[in-house]
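Enquirer:
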Amino acid sequence: MNLLSLRHLTTEFYSGGRWLEAVSDVSFDLRPGEILGLVGESGCGKSTIAYSIMRLLAKNARISGGEVWLGDVNLTEANDERLQDLRGSRLSMIFQDPMTALDSLFTVGHQIIETLQEHLDLDAAAARARALELLRQVGIPAAEERLNAYPYQFSGGMSQRIALAIAISCQPQVLIADEPTTALDVTIQAQILHLIRRLMVEEGGTGVLLITHDLGVVAQVCDRVAVMYAGKIVEFGAVEAIFSDPLHPYTQALLNSLPSQGIQRGALENIRGRVPSLDDRPAGCRFHPRCAHARDICRVEAPPLVKRDGGQEVACVLYD
Amino acid sequence: MKSSRALRDRLRLWYAASRSAFLGGTIILALVIMTATVSLYSPYSPEAMDFMAPLAGPTGAHLLGTDNFGRDILTRVLYGYQISLAVALGSVGFGLAVGVALGLLAGYYGGLIDNIIMRPMDVLMAFPAIVLVVALTGFVGREISVMVLAVAVVYVPIFARVMRGSTLEVVNELYVEGARARGASHLRLMLRHILPNAIAPVLIQASILMGIAILLESALSFIGLGTQPPDPSLGLMLSEGRSFMQQAPWMVVAPGLAISIAVLGFNLLGNGLQDLLNPARKGGR
Amino acid sequence: MSSTTKGAGPLLRAAGLSKHFPLESGLLASLRRAEARTVKAVEAVSLDVYAGQTLAIVGESGSGKSTLGRLLLRLTQPTAGRVLYKDENIFSMKRGELRAFRRQAQIILQDPYASLNPRMRVGRIIREPLDIYREGSRAERDKRAHMLLERVGLTSGHARAYPSELSGGQRQRVGIAAALALSPEIIIADEPTSSLDVSVQAQTLNLLSELQRDFNLTYVFITHDLGVVQHFSDRVAVMYLGKIVEEAPTETLFAAPQHPYTQVLFSAIPLPDPTRRVNWDLPKGEPPSPLDPPPGCHFHPRCPKVMTACSAVEPPLKATGPARRVACLLFEDEAGLPQTKGD
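Chains as they are written, first to last, in the numbering used here: chain A, 1 to 320; chain B, 1001 to 1285; chain C, 2001 to 2343.
1) Could you give the first and the last residue of the continuous beta strand (DSSP E) run that contains A:I211?
2) Roughly how many whole angstroms lie between the Cα atoms of B:R1161 and B:V1133?
3) For chain C, is any of its Cβ atoms less than 8 Å away from the one on B:L1174?
4) Which residues of the segment 1183-1205 of chain B have a Cβ closer than 8 Å to any Cβ of chain C? Give them in chain order.
5) Measuring only between beta-carbons, confirm whether B:R1180 sits less than 8 Å from chain C.
6) Should A:D279 go down as buried or exposed, given a rule of 16 or more other Cβ atoms within 10 Å for buried?
7) In this structure, how does DSSP classify C:V2152 when only helix, strand and coil are distinguished?
8) Counting Cβ pairs, one atom from each stretch, are 3 or more of them under 8 Å apart for the segment 2170-2178 of chain C and the segment 2122-2139 of chain C?
9) If A:A131 sits next to A:I113, beta carbons under 8 Å apart, how far is it from one beta carbon to the other, in whole angstroms?
10) Could you check whether the Cβ of A:A219 sits closer than 8 Å to any Cβ belonging to chain C?
11) Mind checking the segment 2039-2072 of chain C against chain A and listing, in chain order, the residues whose C-beta falls within less than 7 Å of any C-beta there?
12) I want to verify the contact list: residues of chain C whose CB lies under 9 Å from the CB of A:G237, in sequence order.
13) Which one or two residues does DSSP pair with A:W69 in a beta bridge?
14) I need the straight-line Cα distance from B:M1052 to B:G1070, nearest angstrom please.
15) Return the first residue and the last residue of the beta strand (DSSP E) that A:V228 is part of.
16) Could you work out which residue in A:V314, A:K307, A:L83 and A:Y229 is closest to A:T48 when comparing CA atoms only?
17) Between the segment 1176-1187 of chain B and the segment 1111-1126 of chain B, do three or more beta carbon pairs fall short of 8 Å?
18) I'd like to know if C:V2313 contacts chain A, where contact means its C-beta is closer than 8 Å to some C-beta of that chain.
19) Taking Cβ positions, are B:G1057 and B:P1255 nearer each other than 8 Å?
20) Which partner residues does C:I2057 have in the DSSP bridge list?
21) Output, in chain order, the set of chain C residues within a Cβ distance shorter than 9 Å of B:E1177.
22) Report the residue from B:N1172, B:N1271 and B:F1266 whose alpha carbon sits nearest the alpha carbon of B:L1029.
23) Of the choices B:L1216, B:A1198, B:Y1109 and B:P1046, whose alpha-carbon is the least far from that of B:T1137?
24) Can you look up C:T2038 in the DSSP assignment and give me helix, strand or coil?
25) Answer yes or no: does any C-beta atom of chain C fall closer than 8 Å to that of A:L20?
26) At which residue ranges does the segment 72-135 of chain A contain complete beta strand (DSSP E) runs of 3 or more residues, listed in the order of the chain?
27) For the segment 1136-1155 of chain B against the segment 2059-2074 of chain C, are there 3 or more C-beta pairs whose distance is under 8 Å?
28) Can you tell me whether B:N1172 is helix, strand or coil according to DSSP?
29) Specify whether the segment 207-214 of chain A and the segment 176-186 of chain A touch according to this definition: at least 3 beta carbon pairs, one from each stretch, less than 8 Å apart.
30) By the three-class DSSP mapping on this structure, what secondary structure does C:M2001 have?
31) Under DSSP, the alpha helix (DSSP H) around A:I194 begins and ends at which residues?
32) The beta strand (DSSP E) spanning C:A2189 covers which residue range?
33) Below 8 Å between beta carbons: does that hold for A:E41 and C:S2199?
34) Chain F beta carbons: is any one of them nearer than 8 Å to that of C:N2216?
35) Any Cβ of chain A within less than 8 Å of the Cβ of C:A2256?
36) Taking the alpha carbon of C:L2055 as the point to measure from, which residue in C:G2242, C:R2134, C:A2309 and C:Q2230 has its own alpha carbon closest?
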């Protein structure tokens, strides 16, 4: 049973008088107890997928096709009331900036307790006890005192811990983490990622959709990964397989452009050109103008995501 | 006609970016053109009296009627705008020049220079504007130039304060530090890097203060401290029309409406500029 | 890489450099000066920058690395210490000398979105350093600006664009071109690629390498990205709460980091290799507030190898090998080795 299923999700933005596809025909499943990485460079649509699932898209964006299933609930068709009920209980999200989730006017204790009482049938004392337990779980020292502190009194890392405490307070089935450690230092990043892994996956059987641009983070914590380019998934599979044997030329180039591969001073692999903007996406395979292996057919035909023998999926004519 | 198409495109762009600014700008442009060229098309002179038709209502000959001396009100309104706009432009122009320079220096250097510049500004600002203007015009004289100067004195501290505030923000921008690292002089930093990026809120303020200057000029003329008869001034016309409100309401309605339209134009422009120049997409990511 | 002017003494040398920021400012604070609280952003830092080399300054937020970079360019005044450029203290330079120094020492800033004047066209931004130093005629400056644009991989057509019309990577290229305009000797780059996507980062790093080779540039690279450091630098100085805790040639440091903080830092880097998953739980606690650093070694509350002496004694930077210094009580001074040296 999959926790979350995307089927042919397509999301558009309105810009300059017309609708432009930011996410095109994206499908994947999230299983219980796994961390699924969604990786790509800025503008590839990875965050738009997160906001589409949460149904938190801006006014100038819309889901124009496909479905998102949370268990047996079709999120694309759920009404506002149903969505509000699901968000925070079965479906949670944490953001790059933890302050997005915290209200600076209220103490963190108040905010955690409020979330708890909204979704669970708890009296004040029980909610407070649970809030304390959550703060301890996410590693806030002196939890009792910190319950009465305001968000600005916490560092970035501590705020992200609190945002995480709120996100997991009702034991969600699905956690969407949008660049949760991008603004943090590496030592703090390590702590937060470890926390997500331990609390969500190992203890709770929750599924985590981790959106990141950092291939190192993907390699370290994800079970499976979807590589996105210009609104589409170009490669999908187990992390070990994709890092040891990347198939799509974009995935290959991305991995080779990392400066930490131990090669000192050699030129890093360049992907020529730049990511196309929304209104300027090439026909055929969207990567073909930058691809070293492009053939004539790549200019006209968009290759579908096809499963290969080892279970890895790739959208490239090289593997037909 | 390539250039006319480019112009049309640009106008359309402005309209889309801010209807309010577009509307305000159009009103003001129309007023300026109408008043600047009034002597070319108006059949009447603003002082020409027609004793055959005093207090005549709006007719084909006198579109807005005539006053108690039989002068054409529309013509007088249009000439009145000349004085209003001159006072507004003069006082805002003068206030901008001095206020922006002071605010820029105070915000850029900070510390002692900031205190030397801004404390007197605070004192000036503590006086109610109208009292200051009445005092100045009352003591110095009643020419337009004195009125312009009086209003400008009220405006300088306002502009200085806004400019100082926005300078304080811009001075910490990375590109200012970059230019400094490159060896740019203080003057270059202020004029090339800070001024162009800090001026927007001042221009918004300027537009709104234009409207207020028109009101101030009218008020001064209304109480007899501004423009003197027989020169046409909107405030003076209001004051003269007061006695004939019963027989000839158009004598007050016309200048009153004229004042409102001009002030509305400047306020619309100011609000629109606020949208145009202060977009939330600062940084543009 | 470092083929030039070795042994000729450092190009830039910081000695006992400190920068303390007062917490309160204004009239009231200066009246009760006695108990003025300060943040010690940079504390007694000494380091040498050798011509033609790249020195990386690494640290997490609050380590003082950016403040150190600004001190090296006299963009802020130090509380104590000197920066010698060719044996001349930059803080006692007169206007003319300072101008000459600024010509030779340029900066590339972190955020390409905030580091370019939004109301100047790209051509003008690149030309500005030439305008400041009145280099040649207007036409010659424009020509050089166009040449620089092409050198950094843009086209002369970009000269008429405003920064908002460019992508992040293109903007950073404009920043690099402006830094190159005066043919400087040394460039201090403050997180030049940290806000760029990996593929764009790779392009930018390659460009910086090429330029170093072509113009014999000296770089000081301020960054938190250890991948970039390993790839790019000759020597590394690791900072923690305002102090250098370890300094070594890049290869030596990555092969065997000595200071426990460096070890923790390295172990926390997420390597892009799923077969080498690290122990995520290793670094404990948060960096303490720079307002109130712990006594003794600043790292001791988080240190896995902490000893009782660590909270009492502030360990000095000691030479532990050729061109290698560590500030940790675990290491003894190696007799006979000079305190600082290039590689």
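For glycine and all other residues, C-beta sits at the position ideal for the given N, C-alpha and C.
Expert: The relevant details are as follows:
1) For A:I211, the enclosing beta strand (DSSP E) starts and ends at G207 to T212.
2) Spanning the two alpha carbons is a distance of roughly 20 Å.
3) For B:L1174, the nearest CB of chain C lies under 8 Å from its own CB, placing it at the interface with that chain.
4) For the segment 1183-1205 of chain B, which is checked against every Cβ of chain C, the residues closer than 8 Å are G1183, A1184, S1185, R1188, R1192, H1193, P1196 and N1197.
5) Chain C, which has a Cβ nearer than 8 Å to the Cβ of B:R1180, makes this yes.
6) With fewer than 16 other Cβ atoms within 10 Å, it is exposed.
7) In this structure, C:V2152 counts as coil in the three-state DSSP scheme.
8) At 8 Å Cβ cutoff, the stretches touch.
9) Contact flag correct, Cβ pair sits at about 5 Å.
10) Closer than 8 Å: yes.
11) Within the segment 2039-2072 of chain C, the residues whose Cβ lies closer than 7 Å to some Cβ of chain A are E2060 and S2061, listed in chain order.
12) For A:G237, no chain C residue has a Cβ inside 9 Å of its Cβ, as the nearest lies near 12 Å away.
13) According to DSSP, A:W69 shares a beta bridge with A:S5 and A:N74.
14) Approximately 7 Å, taken between the alpha carbons.
15) A small correction: the amino acid at residue 228 of chain A is Met; Val does not occupy that position in the sequence shown. Start and end: R224 to Y229.
16) Shortest Cα-Cα distance from A:T48 to any of A:V314, A:K307, A:L83 and A:Y229 involves A:Y229.
17) Counting Cβ pairs under 8 Å, fewer than three are found: no touch.
18) So, not an interface residue.
19) Going by C-beta atoms, B:G1057 is not nearer than 8 Å to B:P1255.
20) Bridge partners of C:I2057: C:I2222 and C:A2237.
21) Close partners of B:E1177 in chain C (Cβ separation under 9 Å): R2070, L2075, I2107, L2109 and S2115.
22) If we check each option's Cα against that of B:L1029, B:F1266 comes out closest.
23) Checking every option, the nearest Cα to that of B:T1137 belongs to B:L1216.
24) In the structure shown, C:T2038 sits in a strand (DSSP, three-state: E or B).
25) A:L20 has a beta carbon lying at 8 Å or more from every beta carbon in chain C.
26) Qualifying beta strand (DSSP E) stretches, in chain order: 91-94.
27) With a cut-off of 8 Å on Cβ pairs, the segment 1136-1155 of chain B is not in contact with the segment 2059-2074 of chain C, counting fewer than three such pairs.
28) In this structure, B:N1172 counts as coil in the three-state DSSP scheme.
29) Contact between the segment 207-214 of chain A and the segment 176-186 of chain A is present, because at least three Cβ pairs lie under 8 Å.
30) Reliability fails at C:M2001, whose pLDDT of 40 lies under 50, so the model's placement of it is uncertain and the value that follows must be treated cautiously. Coil.
31) Checking the displayed sequence, the identity of residue 194 of chain A turns out to be His instead of Ile. A:H194: member of the alpha helix (DSSP H) spanning V186 to I196, first to last residue.
32) From DSSP, the beta strand (DSSP E) with C:A2189 extends over I2186 to D2190.
33) Cβ distance < 8 Å, so A:E41 and C:S2199 count as in contact.
34) Absence of chain F from the displayed structure is noted, the protein chains being A, B and C.
35) Not one chain A Cβ lies under 8 Å of C:A2256.
36) Taking only the C-alpha atoms, the option nearest C:L2055 is C:Q2230.
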